[in-house]
Amino acid sequence: MLVKLKIWRQTPTADGAFARELVDFEVDTFEEATLLDVLDSIKHHQDGTLAYRKSCRMAICGSCGMRMDGRAVLACKTPMKELAAKGRVPVIAPMGNMPVLRDLVTDMTDFWQKVRAMTPWLERAHHGDAPADGREHLVSPEEQQKITKETMCIMCGCCVSECNSMEADPSFLGPAALAKGYRFVGDVRDKRTRERLEQYNGPHGVWDCTRCYFCNERCPKGVDPRDAIAKLGAAMFDHGITSDRGAKHAQVFVDSTKGQGPVPGSFGIPVPGSEILYNGHLSETALIPLTLGIPTSLTPNWAGMGVKLGRKGKVPPPWHGALHRVKGLDEVRRLWRVLEGKESAERRGGDLEEPAKPLPPNIAQGVLTQFTPEQIFERTGAVVSSDITAGGGKLPPDQVDLAGYYGAETVVQRFVAGGGLDKDHGLSGPAPTDYAAQQAAQIDAHGSRPGATTSKDA
Amino acid sequence: MRVAYVRARGERIERISVIASHDVVIVGAGLAGMRAAVEAARGGVDVAVVTKLHPVRSHSGAAEGGINVALGNVSDDSTEGHTYDTVKGSDYLADQDASRIMCEAAVDDILELENMGCFFSRLPNGRIAQRPFGAAGRPRTAFAADITGHVLLHVMYEQLLKHGVKVYEEFFAIDLVLDDNGECIGVSSWDIKDGGIKTVLGNATVICTGGMGRMYHGTTNAFACTGDGMAMAFRAGAPLKDMEFMQFHPTTLKANGVLITEGCRGEGGVLRNADGERFMKNYAPNAMELASRDVVSRAEWTEIMSGRGVDGCVLLDLTHLGADHINRALPGSRELALDYAGVDAIDEPIPVRPGAHYQMGGVHTDNWGMTPLPGLWASGEAACVSVHGANRLGGNSLLEAVVFGRRSGEHAARTVQGKARPDAAAAAASISKTEAKVAGLLSATGPRADELRESLAETMYANCGVFRTGDSMTEARDTIATLRKTYDEGVLVQDKGSNFNNDLTYAIEVGYLLEMGDVLTRCALEREESRGGHTRLDFVERDDEKWLVHSLTTRTIDDAKINVGTHPVTITDYQPAIRTY
Amino acid sequence: MKKVAYYAGCLASLSAKELDSSTRALAPQLDLELVDMPKATCCGAGDIHEAKPDFYLHLNARVLSQAEQMGVDTLMTICNVCTLNLRQANQRMQGDEAVRERVNTHLMEAGVEPYHGTVDVQHFLWLITTGDRYEKLKTVAGGRLTGMKIAPFYGCQILRPSKILGFEDPDSPQSLEKIIEACGGTPIDYPAKLKCCGFPIVLARESVALNEVTQPLDQAKERGADCIVTPCPLCHLSLDAWQGKAEKQAGKKFEMPTLHMSQLIALAAGIPGSEIKFHRHVTPVGDKILNAVVK
């Protein structure tokens with residue numbers, strides 16, 4: 019087949035600049051030929067001065083990263099058949115975000131320095147110690163699975179070539195180095211996790227990623243570096259390393275969706291009544307002061323921005339949240355509890371202070387087929403009264419909607435007290451039972467908090 | 034110590050210089066080289082690595098299937114069993130003391146690799162998993178999916194960084210530096226990035242430059258595998274051992290020779306001919322597809338030559354394993370077949386054929402990697418200890434690189450401990466020769482180097498392949514003689530620049546390949562028997578009477594005369610027996 | 220009329236109300252009946268995905284479950300970030316039975332109906348640039364913006380990662396160009412149209428983000444664009460509200476109006492200015508665009 023292509027020839031000149039020229043080539047080659055095969059043919063039969071790196075020609079050594087039509091590829095993993103058939107004439111250039119040495123060869127010194135900055139080797143608890151029996155660490159296949167993708171990285175630089183953050187900030191550690199970092203953070207044998215996370219947390223670290231996803235898109239080995247960066251962020255949250263503005267930014271999203279958390283000026287302490295600010299949507303009002311801190315957000319730069327946005331109605335007033343609450347936010351809070359389990363409030367950067375509300379009866383019944391009330395309490399903090407189940411537990415669908423509207427707790431309490439819900443008339447029946455008394459009764463019945471026994475057994 | 038040795042020269046190469054002097058200099062940064070460097074660094078000496086590629090670009094990374102070790106995690110295995118299988122697999126040509134050293138060291142060395150961070154695939158109980166491999170009596174091969182070499186190479190690079198070893202990256206080694214006493218005191222390289230000859234001196238030089246598969250059409254080897262270290266050592270006067278034994282891997286892709294791991298057969302893949310028949314039952318009824326590599330390659334070749342092939346290939350069938358199994362255990366192989374053969378292994382069998390894969394021979398060393406040339410050590414594929422004899426077992430090459438890399442690094446460091454570093458003045462004569470050589474290459478005219486390599490590769494594949502005869506090898510030898518003459522008269526290096534001139538380095542590589550091809554052919558002609566990877570149709574039997582010896586090839590430094598001699602095989606526990614699988 | 224669950228997302232409910240109002244005004248004309256989702260929370264953006272990945276998954280599964288309960292097969296987004304988050308969660312819920320079972324157990328524990336994987340997440344852009352609806356769009360938009368040079372700005376998370384988004388070739392997308400052409404405008408081509416607007420880190424790393432937002436503004440200006448159009452309210456906020464700061468950092472003026480995709484179509488379709496709300500833009504849209512608004 020006939021392959022046509024244009025190659026950016028770049029030769030350093032005496033004055034340290036580059037002579038650049040886009041040169042046309044035409045190669046008659048075999049059907050399965052890759053871009054690398056085509057370059058080789060040019061090199062051997064047309065122009066021996068063409069410079070590029072290569073070695074394994076099987077996508078494992080990572081030498082031949084370059085750009086074809088603006089996208090970073092491994093030349094050896096890029097078949098030319100389809101392009102040739104379409105008559106397309108691709109433009110071949112060196113990778114981006116790296117200085118060019120000549121033609122298609124880039125200087126990867128900075129790339130390797132960033133890899134080195136990750137302390138890229140396994141470190142165990144006591145430096146140099148082997149497992150007690152002198153054998154291998156015992157690691158389950160599932161634990162190993164955690165870093166399978168990152169292990170695939172061949173350090174070709176295709177991700178770095180396209181990284182939008184690095185383009186804007188050349189000091190950014192970048193996708194390849196951070197993926198290497200996660201390769202150790204995610205390795206259950208490595209005991210330097212906390213130090214690593216603190217190390218990767220600084221300026222130009224994890225929170226510099228702008229989530230453009232070019233790295234995932236370009237990676238020829240399916241490493242998905244952006245996902246590795248996200249996993250580092252999650253690990254930082256797990257370790258309470260949340261001092262960076264990026265982490266604080268993320269925390270506002272978490273608090274916004276669960277409808278409760280610290281507010282500006284509360285010094286990171288979750289405050290009762292923060293529902294006014296956090297309604298299930300992102301609180302844009304809280305975002306700037308909580309991310310930057312109040313002093314910074316009052317500087318002319320940011321205060322001016324606030325005024326500018328406010329004039330255009332883009333800064334919702336603090337009471338906006340209270341007026342536009344997402345329905346059924348209780349569900350989200352219970353989900354939060356289910357997922358966070360028994361972790362300490364400190365680790366998760368602020369807990370819900372108030373006890374979770376009871377489950378809506380229709381769901382309660384569904385869940386009770388799988389869990390005992392004790393288990394549900396332990397997992398979610400939600401109380402399921404046996405009265406509900408005794409009463410059949412099921413409400414017509416229209417009344418469930420009302421539960422979402424009035425708040426599940428109110429509905430359940432009315433229901434427990436022998437009342438009910440009516441689509442047209444709203445709540446009916448006697449006044450709700452006292453919530454705290456109900457919980458106390460539960461505790462009495464079990465002799466202790468229902469959850470405590472279960473957790474001891476576990 | 035930094036000594037600049039500057040001398041005005043022609044336009045292109047303005048200065049030559051000794052840029053540093055270390056205790057130990059490693060040439061090559063694959064698994065063996067980096068393992069040697071780490072061990073030497075642990076020995077408390079100053080170590081440097083000279084490499085034409087960045088370390089993680091080395092070809093060790095392409096090893097897929099695994100590394101053999103008698104951990105006994107899935108069977109009642111023993112190092113004795115491992116040693117026996119290795120010796121039998123070698124067709125009794127391996128030195129049995131060396132094989133025993135390797136198989137016994139394997140357990141600690143592999144556990145150490147795990148402790149360094151190598152993520153071997155696991156069993157449900159958390160221990161390192163082991164899979165069956167060709168010609169092994171037990172499932173003995175530890176692995177990391179099917180990217181074992183890649184994982185090991187990167188772990189070793191991590192250790193290199195951890196130990197702060199100095200790496201001269203993209204330094205293309207051209208000549209070993211000999212002092213006036215003929216002792217090796219370092220290596221002169223072409224600086225690929227900036228141009229010019231740069232010499233790095235050391236009291237000990239360790240050759241870890243890997244194989245030379247590029248002299249064959251249809252090879253699994255990377256472009257970089259051009260026998261550099263073997264040729265440099267040979268030219269400096271070190272003997273080469275068992276060079277006639279090139280291993281042909283049974284399962285390589287036709288288009289570009291890319292390897293499909295033996296792990297595919299270990300996981301249950303089968304070989305079929307055009308009629309869909311599992312032909313291995315006719316050649317190795319017990320071991321079937323998991324017979325030794327030489328056996329399987331010969332069987333495939335016979336099938337193809339008898340007209341039972343498919344477009345010059347046989348079929349590696351994985352389809353019965355199912356998508357889940359393939360994706361979990363052999364994802365890399367599936368990807369390679371998709372990329373380079375356009376075949377999805379889940380749905381269709383992969384067409385494969387034997388391809389030149391591994392040089393069992395290499396620089397002659399003792400059990401510590403030391404060569405007869407003072408100051409020179411060698412390990413890995415570039416060396417021949419010998420643990421592979423006439424045929425290497427799958428999973429033993431990574432092991433050899435790790436065990437003998439470690440041993441040569443340790444021994445070199447111990448030997449040079451406290452010795453004064455070599456002085457730049459001692460290197461002057463040697464450097465001028467190298468410099469003249471490069472200047473000559475840059476100014477010569479003639480054919481392009483690749484034309485010569487193409488002819489070499491063609492004649493090697495056709496005449497010195499899975500099956501050989503006296504006639505075919507004579508033809509190869511004569512062709513190579515002509516090619517070498519042409520090469521010596523001059524090839525055309527079009528690129529005259531100093532910055533990233535890989536036209537120049539390629540021309541030098543072709544020189545290495547031609548000389549090593551010459552050696553291989555001459556050794557093969559001498560050996561009038563069939564043993565392991567060396568199968569002659571005119572001498573079909575193994576001849577223990579006459580040929581239970583290593584070949585040992587030497588070259589006179591001054592007139593470059595090649596002489597093939599022999600060297601005894603060390604036999605301790607296992608007497609040669611008929612080899613069946 | 221196709222009924223879709225309308226997931227407006229946070230910004231369109233707050234700072235980018237003009238996006239919500241123009242979308243609502245436009246949708247019925249394009250055969251889309253938008254059904255509100257009063258229980259839908261924030262998708263968590265990249266932020267919760269990064270900070271609390273499991274919470275992110277459950278949060279979005281809960282949103283998808285609501286759409287399923289509403290009896291529709293499509294959830295429509297008008298924001299790139301919402302699109303990626305919901306599609307990513309959806310793919311995991313649909314593609315992995317073990318994940319689905321685990322998440323649904325948790326959802327039920329928390330009082331949420333389980334999600335069975337029957338909903339498809341589609342961006343408004345995708346729904347109106349395919350099939351009959353695109354024909355309809357051409358009629359509705361009527362090519363009324365003739366002569367206007369418009370620079371499409373895709374942003375990231377409607378294109379990448381393509382294995383999750385997958386609507387079009389992430390390196391040469393055409394959907395926004397189709398929209399511009401339907402409106403009668405001339406699409407301007409420029410490299411930064413596929414790049415990042417910097418918004419996710421505009422608070423955490425302002426100057427880095429400003430370097431990113433400068434590129435499309437600069438290139439669009441250089442190529443003589445009258446305005447930029449984007450399918451994402453975050454890109455919009457970045458290009459519109461942070462433009463002043465970008466100008467200061469770059470030391471040059473861009474004065475580049477940025478329109479939400481819905482606004483552009485609404486403008487072409489003659490929808491009243493009261494729904495398009497150009498007065499809410501920080502960077503003035505300029506007379507050329509204001510004159511095109513039906514009085």
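Listed in order, the protein sequences are those of chains G, E and R. Taking the working numbering, the leading residue of the first sequence gets 19, the next gets one more, and so forth. Taking the working numbering, the leading residue of the second sequence gets 34, the next gets one more, and so forth. Taking the working numbering, the leading residue of the third sequence gets 220, the next gets one more, and so forth. Don't be surprised by glycine CBs; every beta carbon is placed ideally from N, CA and C.
Got a sec: is the Cβ-Cβ distance from residue i to anything in chain R below 8 Å?
| i | result |
| --- | --- |
| G/Q457 | Note that G/Q457 has pLDDT 41, beneath the 50 cutoff, so the model's placement of it is unreliable and the number below is only indicative. No, G/Q457 lies away from the interface with chain R (no Cβ there is under 8 Å from its Cβ). |
| G/G251 | yes |
| G/K164 | no |
| G/S73 | no |
Can you name the residues of chain E whose CB is closer than 7 Å to the CB of residue i?
| i | result |
| --- | --- |
| G/W139 | G150, E191, Q192, L194 and K195 |
| G/A69 | F533 and N535 |
How many angstroms separate the CA atom of residue i from the CA atom of residue j?
| i | j | result |
| --- | --- | --- |
| G/E392 | G/L353 | 17 Å |
| E/A446 | E/A237 | 8 Å |
| G/L23 | G/M86 | 10 Å |
| G/D226 | R/V291 | 39 Å |
| G/W130 | G/G291 | 50 Å |
| R/E415 | R/F473 | A quick correction: the sequence has Cys, not Glu, at residue 415 of chain R. Spanning the two alpha carbons is a distance of roughly 18 Å. |
| G/V107 | G/L101 | 7 Å |
| E/I46 | E/A472 | Any reading at E/I46 must be qualified, since the residue scores a pLDDT of 35, below 50, and its modelled position is unreliable; the value itself is stated next. If you take the alpha carbons of E/I46 and E/A472, they lie about 8 Å apart. |
Which residues of chain R have a Cβ atom closer than 7 Å to the Cβ of residue i, listed in chain order?
| i | result |
| --- | --- |
| G/R263 | L422 and A423 |
| G/F271 | C261, G263, A264, D266 and I267 |
| G/E349 | R281, A329, G330 and V331 |
Looking at residue j and residue i, is the spacing between their C-beta atoms short of 8 Å?
| i | j | result |
| --- | --- | --- |
| E/A266 | E/L86 | no |
| G/D46 | G/L20 | yes |
| R/S481 | R/L245 | yes |
| E/Y373 | E/L286 | yes |
| E/V200 | E/M149 | no |
| E/F176 | E/R164 | yes |
| G/G204 | G/K249 | yes |
| G/L310 | G/R343 | no |
Find the residues of chain R that neighbour residue i, judging by a C-beta separation of less than 8 Å, and give them in chain order.
| i | result |
| --- | --- |
| G/V344 | P257, K258, A259 and T260 |
How would you list, in chain order, the residues of chain C whose beta-carbon sits under 9 Å from the beta-carbon of residue i?
| i | result |
| --- | --- |
| E/V60 | In the structure shown, chain C does not exist; the protein chains are G, E and R. |
Counting only beta-carbon atoms, is residue i nearer than 8 Å to chain G?
| i | result |
| --- | --- |
| E/A288 | yes |
| E/S283 | Correcting the residue identity first, residue 283 of chain E is Pro in this sequence and not Ser. Answer no: the Cβ-Cβ gap between E/P283 and chain G never drops below 8 Å. |
| R/R499 | yes |
| E/Q527 | yes |
Name the chain G residues whose beta carbon is nearer than 9 Å to that of residue i?
| i | result |
| --- | --- |
| E/G159 | E154, H155, L156, V157, S158, P159 and E161 |
Using a Cβ cut-off of 7 Å, pull out every chain G residue sitting near residue i, in sequence order please.
| i | result |
| --- | --- |
| R/N323 | Residues of chain G passing the Cβ test: none, with the nearest at roughly 11 Å. |
| R/P419 | T228 and R229 |
| R/S381 | E235 |
With 8 Å as the threshold, decide whether the Cβ of residue i is near any Cβ in chain E.
| i | result |
| --- | --- |
| G/H62 | yes |
| G/G192 | no |
| G/W26 | no |
Give the residues of chain E in contact with residue i, contact being defined as C-beta atoms less than 9 Å apart.
| i | result |
| --- | --- |
| G/T169 | F152, A177, A178, I180, H183, V184 and H187 |
Can you pull the chain E neighbours of residue i, defined as C-beta to C-beta under 8 Å?
| i | result |
| --- | --- |
| G/K95 | D372 |
Can you pull the chain G residues whose beta carbon is under 8 Å from the beta carbon of residue i, in chain order?
| i | result |
| --- | --- |
| E/F256 | K72, S73, C74 and R75 |
If residue i sits next to residue j, beta carbons under 8 Å apart, how far is it from one beta carbon to the other, in whole angstroms?
| i | j | result |
| --- | --- | --- |
| E/V89 | G/M173 | 6 Å |
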